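*Asks:* The structure that follows is given in the form of structure tokens.
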Amino acid sequence: MILGFVGSFSDIPFVDIIEWIGTFAFAISGIRLAAKKEFDLFGAYVVGLLTAIGGGTIRDVLLQTTPFWMSSSRYMVCTGIALLFVIVFRKYIVRLNITFFIFDAIGLALFTVVGLEKTLAFHSPFWVAAIMGIMTGVAGGVLRDISIAEIPLIFRNEIYASACLAGCLCYYVGLRLGIDQTVNQLLSASLIVITRVLSVRFGIGLPKIKPEDS
Amino acid sequence: MILGFVGSFSDIPFVDIIEWIGTFAFAISGIRLAAKKEFDLFGAYVVGLLTAIGGGTIRDVLLQTTPFWMSSSRYMVCTGIALLFVIVFRKYIVRLNITFFIFDAIGLALFTVVGLEKTLAFHSPFWVAAIMGIMTGVAGGVLRDISIAEIPLIFRNEIYASACLAGCLCYYVGLRLGIDQTVNQLLSASLIVITRVLSVRFGIGLPKIKPEDS
Amino acid sequence: MILGFVGSFSDIPFVDIIEWIGTFAFAISGIRLAAKKEFDLFGAYVVGLLTAIGGGTIRDVLLQTTPFWMSSSRYMVCTGIALLFVIVFRKYIVRLNITFFIFDAIGLALFTVVGLEKTLAFHSPFWVAAIMGIMTGVAGGVLRDISIAEIPLIFRNEIYASACLAGCLCYYVGLRLGIDQTVNQLLSASLIVITRVLSVRFGIGLPKIKPEDS
Numbered sequence: 030m031i032l033g034f035v036g037s038f039s040d041i042p043f044v045d046i047i048e049w050i051g052t053f054a055f056a057i058s059g060i061r062l063a064a065k066k067e068f069d070l071f072g073a074y075v076v077g078l079l080t081a082i083g084g085g086t087i088r089d090v091l092l093q094t095t096p097f098w099m100s101s102s103r104y105m106v107c108t109g110i111a112l113l114f115v116i117v118f119r120k121y122i123v124r125l126n127i128t129f130f131i132f133d134a135i136g137l138a139l140f141t142v143v144g145l146e147k148t149l150a151f152h153s154p155f156w157v158a159a160i161m162g163i164m165t166g167v168a169g170g171v172l173r174d175i176s177i178a179e180i181p182l183i184f185r186n187e188i189y190a191s192a193c194l195a196g197c198l199c200y201y202v203g204l205r206l207g208i209d210q211t212v213n214q215l216l217s218a219s220l221i222v223i224t225r226v227l228s229v230r231f232g233i234g235l236p237k238i239k240p241e242d243s
Numbered sequence: 030m031i032l033g034f035v036g037s038f039s040d041i042p043f044v045d046i047i048e049w050i051g052t053f054a055f056a057i058s059g060i061r062l063a064a065k066k067e068f069d070l071f072g073a074y075v076v077g078l079l080t081a082i083g084g085g086t087i088r089d090v091l092l093q094t095t096p097f098w099m100s101s102s103r104y105m106v107c108t109g110i111a112l113l114f115v116i117v118f119r120k121y122i123v124r125l126n127i128t129f130f131i132f133d134a135i136g137l138a139l140f141t142v143v144g145l146e147k148t149l150a151f152h153s154p155f156w157v158a159a160i161m162g163i164m165t166g167v168a169g170g171v172l173r174d175i176s177i178a179e180i181p182l183i184f185r186n187e188i189y190a191s192a193c194l195a196g197c198l199c200y201y202v203g204l205r206l207g208i209d210q211t212v213n214q215l216l217s218a219s220l221i222v223i224t225r226v227l228s229v230r231f232g233i234g235l236p237k238i239k240p241e242d243s
Numbered sequence: 030m031i032l033g034f035v036g037s038f039s040d041i042p043f044v045d046i047i048e049w050i051g052t053f054a055f056a057i058s059g060i061r062l063a064a065k066k067e068f069d070l071f072g073a074y075v076v077g078l079l080t081a082i083g084g085g086t087i088r089d090v091l092l093q094t095t096p097f098w099m100s101s102s103r104y105m106v107c108t109g110i111a112l113l114f115v116i117v118f119r120k121y122i123v124r125l126n127i128t129f130f131i132f133d134a135i136g137l138a139l140f141t142v143v144g145l146e147k148t149l150a151f152h153s154p155f156w157v158a159a160i161m162g163i164m165t166g167v168a169g170g171v172l173r174d175i176s177i178a179e180i181p182l183i184f185r186n187e188i189y190a191s192a193c194l195a196g197c198l199c200y201y202v203g204l205r206l207g208i209d210q211t212v213n214q215l216l217s218a219s220l221i222v223i224t225r226v227l228s229v230r231f232g233i234g235l236p237k238i239k240p241e242d243s
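Protein chains in written order, with the working numbering: chain E, 30 to 243; chain C, 30 to 243; chain X, 30 to 243.
Next up, the structure:
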């Protein structure tokens with residue numbers, strides 16, 4: 030069961046692995062930022078957890094359903110492992126930046142597709158599901174940045190939420206064309222990962238909005 | 030239907046126009062602040078949206094009902110138009126400051142009355158409805174400021190939430206006196222707008238709370 | 030009735046007094062920080078209220094139940110009294126620091142046990158109840174710090190959430206041993222208070238997580 034969603038996606042045990050990878054990568058990103066701010070162990074754990082489960086929690090609150098993480102302690106455990114990992118491999122972690130970037134992109138893709146499908150299962154219109162999918166993917170990072178009193182990164186940098194949006198549009202086209210659900214999931218998720226990778230590789234970002242002349 | 034509330038207010042098509050005006054003005058205020066911080070287009074859109082729908086969303090979550098914006102895409106569309114507007118009229122927007130101020134006051138008044146009445150429709154006591162009304166009016170601006178890592182403006186400046194409170198008290202008196210609902214709505218909303226305008230015109234604010242001597 | 034929880038705890042009128050003390054101390058801590066930032070009266074009241082009811086509100090939203098403060102205006106009243114208190118006794122308040130520290134510890138202990146038991150009453154597993162208990166105790170302070178655009182204190186300082194965790198573990202052991210509920214509540218709450226007092230008295234904190242070498 031992925032993030033509480035029951036469907037064809039969850040019949041593949043492969044998805045469980047991806048979910049661990051995504052949760053782990055999201056938690057790591059929170060814990061590393063907390064370390065920069067000299068948080069204590071508890072603070073680092075909380076920021077890691079917020080990053081990993083924040084998006085899905087806001088989605089579930091808006092959908093008026095039980096937050097997904099209450100049904101399995103795996104997210105707590107996974108965040109604990111991430112904390113241990115950052116402590117033990119502190120000196121080597123910077124060399125793994127590319128690995129974590131890929132993990133993060135995979136997590137982003139999975140979380141988005143899961144959020145989208147969970148919302149569709151509540152008979153919401155597609156545009157609501159797309160918002161929920163994007164939110165599931167990015168809101169954890171926003172909460173992470175707010176909890177360390179910084180301006181959320183995704184509001185100023187790179188293609189991130191836009192990659193999720195591209196994935197949602199891809200999913201919509203697949204749905205309309207009647208493509209098999211699993212294929213559609215894989216296609217949309219892949220598009221998110223590829224968009225992320227290419228945009229970072231080639232330094233492509235959204236245009237900034239210009240301030241008024243003062 | 031205004032913000033999901035069904036009642037005499039919503040029978041006047043006039044209210045739809047006011048709701049567009051309010052949503053537009055709130056979104057503009059978020060987008061302009063995002064522009065100052067050099068957010069990208071996505072970030073500016075999100076901050077605009079948070080400002081416009083944040084208060085009503087928190088209210089609906091606390092009332093355990095479906096967030097109002099899920100039932101109509103107009104809020105997304107209106108925020109998109111506001112974003113386009115800020116981009117296209119960037120050079121002239123500062124001259125419209127007074128117009129936006131009036132729009133914002135109208136939006137504040139409408140959101141407060143709508144939040145109040147929606148909560149009363151849930152059979153909550155009046156003091157809960159007043160809190161919800163004020164929250165519907167001001168919480169979007171608080172979320173806006175938190176999302177750009179600034180101290181919320183309304184905690185330090187001017188009569189803002191207090192204007193909403195005055196409107197709620199006026200509504201209560203009207204309710205007790207058995208005044209017609211539509212008249213009561215108009216009276217309370219007008220009081221909020223007038224209070225806002227006068228307080229800004231004459232530079233009246235709440236007293237600050239003094240820090241302790243250190 | 031404490032924070033909406035019905036149980037043996039609430040049969041002791043003593044608990045009502047403790048709840049007032051806890052709410053008062055939490056509100057005071059928010060209002061004092063707001064005063065430092067030169068908030069106006071409204072802003073100070075809101076920050077005080079957020080500190081006092083924020084944790085329980087997030088818990089109730091996640092549990093999909095009506096926020097506890099909607100059923101009694103006592104929390105609004107108590108925060109109002111706290112605001113008056115800070116204004117009137119501004120010059121003497123710093124001398125009461127130790128008193129407020131003790132009140133705060135008592136509030137923390139009560140809120141944690143109440144949050145824990147309320148969640149158990151929803152048939153959640155114990156680990157979920159422990160998270161909710163800790164959240165009830167500490168999330169108000171996190172919201173307080175976010176609303177004044179500062180990094181949450183509890184992420185960097187002292188034993189605070191860890192004291193709540195110790196109390197939850199104590200409660201779990203008592204539950205397993207079949208200890209009388211009231212005794213278990215008192216034991217767990219006392220452990221939280223004692224842990225807080227000792228950790229501050231002896232300057233004990235959690236280890237910080239080390240940043241990566243850059």
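Backbone N, C-alpha and C fix where the C-beta goes; we use that ideal spot for every residue, glycine too. Since this is a predicted model, take the numbers as computed values, not measurements.
1) Using the Cβ count rule (16 or more neighbours within 10 Å means buried), how would you classify residue 176 of chain E?
2) Where DSSP assigns a beta bridge to residue 69 of chain C, which residues make up the other side?
3) Listed from N- to C-terminal order along the chain, which residues in the stretch 227 to 242 of chain X have their beta-carbon within a distance smaller than 8 Å of any beta-carbon of chain E?
4) Compare the C-alpha of residue 81 of chain C against each of C:164, C:220, C:70, C:169 and name the closest.
5) Would you verify that the beta carbon of residue 95 of chain E is, or is not, closer than 8 Å to some beta carbon of chain X?
6) Could you name each continuous alpha helix (DSSP H) segment of 4 residues or more that falls completely within the stretch 133 to 178 of chain C, going from the start of the chain to the end?
7) Under the assumption that residue 221 of chain E contacts residue 159 of chain E (Cβ atoms under 8 Å), give the Cβ distance between them as a whole number of angstroms.
8) Got a sec, what are the start and stop residues for the alpha helix (DSSP H) residue 116 of chain C sits in?
9) Suppose contacts are defined by Cβ-Cβ distances below 8 Å. Is residue 214 of chain E in contact with residue 167 of chain E by that definition?
10) Under 7 Å, CB to CB, which of the residues in the stretch 185 to 199 of chain C have a partner in chain X?
11) Distance, Cα to Cα, residue 85 of chain E vs residue 76 of chain E?
12) Can you name, in chain order, every residue of its own chain whose Cβ lies under 8 Å from the Cβ of residue 105 of chain C, other than the five neighbours on each side?
13) Could you list the residues in the stretch 129 to 149 of chain E with a C-beta less than 9 Å from some C-beta on chain C, going in chain order?
14) I want to check one thing, is the minimum distance from the CB of residue 60 of chain X to the heavy atoms of the ligand PLP below 7 Å?
15) Within its chain, find whatever has a CB closer than 8 Å to the CB of residue 194 of chain C; leave out the 5 residues flanking it on each side and keep chain order.
16) Measuring alpha carbon to alpha carbon, tell me which residue in E:131, E:88, E:95 is nearest residue 50 of chain E.
17) Going by alpha carbons, who is nearest to residue 235 of chain E out of C:72, C:232, C:230?
18) Considering only their Cβ atoms, is the gap separating residue 204 of chain C from residue 151 of chain C smaller than 8 Å?
19) Using a Cβ-Cβ cutoff of less than 6 Å, which residues in the same chain neighbour residue 232 of chain E once the five nearest sequence positions on both sides are dropped?
20) Check each candidate in X:96, X:118, X:88, X:223 and name the one with the smallest Cα separation from residue 64 of chain X.
21) Would you say residue 157 of chain X reaches chain E, if we count a Cβ-Cβ gap shorter than 8 Å as a contact?
22) Can you find a C-beta in chain C that's less than 8 Å from the C-beta of residue 221 of chain E?
23) Please compile the residues from chain X whose C-beta is within a distance smaller than 8 Å of the C-beta of residue 75 of chain E.
24) Can you find a C-beta in chain E that's less than 8 Å from the C-beta of residue 88 of chain C?
25) Thinking residue 133 of chain C and residue 58 of chain C are a contact (beta carbons under 8 Å), I'd like their distance in whole angstroms, please.
26) Determine the burial state of residue 239 of chain X: buried for a count of at least 16 other Cβ atoms within 10 Å of its Cβ, exposed for fewer.
27) With distances taken Cα to Cα, identify the nearest neighbour of residue 115 of chain C among C:223, C:178, C:70.
28) Residue 112 of chain X and residue 74 of chain X - do their beta-carbons sit closer together than 8 Å?
29) Go ahead and pull the three-state DSSP assignment for residue 47 of chain C.
30) Take the Cβ of residue 45 of chain C as the centre, count every other Cβ of all protein chains shown within 10 Å, and call the residue buried at 16 or more, exposed below.
31) Which runs of the alpha helix (DSSP H) spanning at least 4 residues fall entirely within the stretch 187 to 236 of chain C, listed in chain order?
32) Is residue 219 of chain E closer than 8 Å to residue 200 of chain E when the C-beta atoms are compared?
33) Taking the alpha-carbon of residue 48 of chain X as reference, which of X:103, X:60, X:87 has the nearest alpha-carbon?
34) Is DSSP giving residue 128 of chain E helix, strand or coil here?
35) So, at 7 Å on beta carbons, what are the nonlocal neighbours of residue 182 of chain X in its own chain, with the 5 sequence-adjacent residues on each side left out?
*Replies:* With the given structure in hand:
1) So residue 176 of chain E counts as buried.
2) Bridge pairing for residue 69 of chain C: E:237 [DSSP].
3) Correct list: 234, 235, 236, 237, 238, 239, 240, 241, 242.
4) If we check each option's Cα against that of residue 81 of chain C, C:169 comes out closest.
5) Output row for residue 95 of chain E: interface = yes.
6) Note on the stretch 133 to 178 of chain C: whole alpha helix (DSSP H) runs with a minimum of 4 residues are 155 to 176, in chain order.
7) Not confirmed; about 12 Å, so no contact.
8) Residues 103 to 117.
9) In this structure, residue 167 of chain E does not lie closer than 8 Å to residue 214 of chain E by Cβ.
10) Cβ contacts with chain X come from 185, 190, 191.
11) Here the C-alpha atom of residue 85 of chain E lies approximately 15 Å from the C-alpha atom of residue 76 of chain E.
12) Non-local beta-carbon contacts of residue 105 of chain C in its own chain, meaning distances under 8 Å to residues more than five positions away in sequence, involve 78, 98 in chain order.
13) The stretch 129 to 149 of chain E vs chain C, Cβ under 9 Å: nothing.
14) For the ligand PLP, the structure offers nothing, since it holds no ligand at all.
15) The answer, listed in chain order, is 159, 163.
16) Measuring from the Cα of residue 50 of chain E, the nearest candidate turns out to be E:131.
17) Of the listed residues, the one whose Cα sits closest to residue 235 of chain E is C:72.
18) Cβ atoms of residue 151 of chain C and residue 204 of chain C: not closer than 8 Å.
19) Excluding positions up to five away in sequence, the list is empty.
20) With distances taken between Cα atoms, residue 64 of chain X lies closest to X:118.
21) Yes, contact with chain E.
22) Among the residues facing chain C, residue 221 of chain E is not included, as its CB has no counterpart in that chain under 8 Å away.
23) Per Cβ cutoff of 8 Å: 184, 190.
24) Output row for residue 88 of chain C: interface = no.
25) 6 Å between Cβ atoms; contact.
26) Counting Cβ neighbours within 10 Å, residue 239 of chain X comes out exposed, since fewer than 16 surround it.
27) Checked all of C:223, C:178, C:70; the closest Cα to residue 115 of chain C is C:70.
28) The answer is yes: Cβ separation under 8 Å.
29) The answer is helix: DSSP assigns residue 47 of chain C an H, G or I state.
30) Label assigned to residue 45 of chain C: exposed.
31) Within the stretch 187 to 236 of chain C, the complete alpha helix (DSSP H) segments of 4 residues or longer fall at 190 to 206, 210 to 230, listed in chain order.
32) It is not a contact, given that the beta carbons lie outside the stated cut-off.
33) Checking every option, the nearest Cα to that of residue 48 of chain X belongs to X:103.
34) It is helical.
35) Answer for residue 182 of chain X: 170, 174, listed in chain order.
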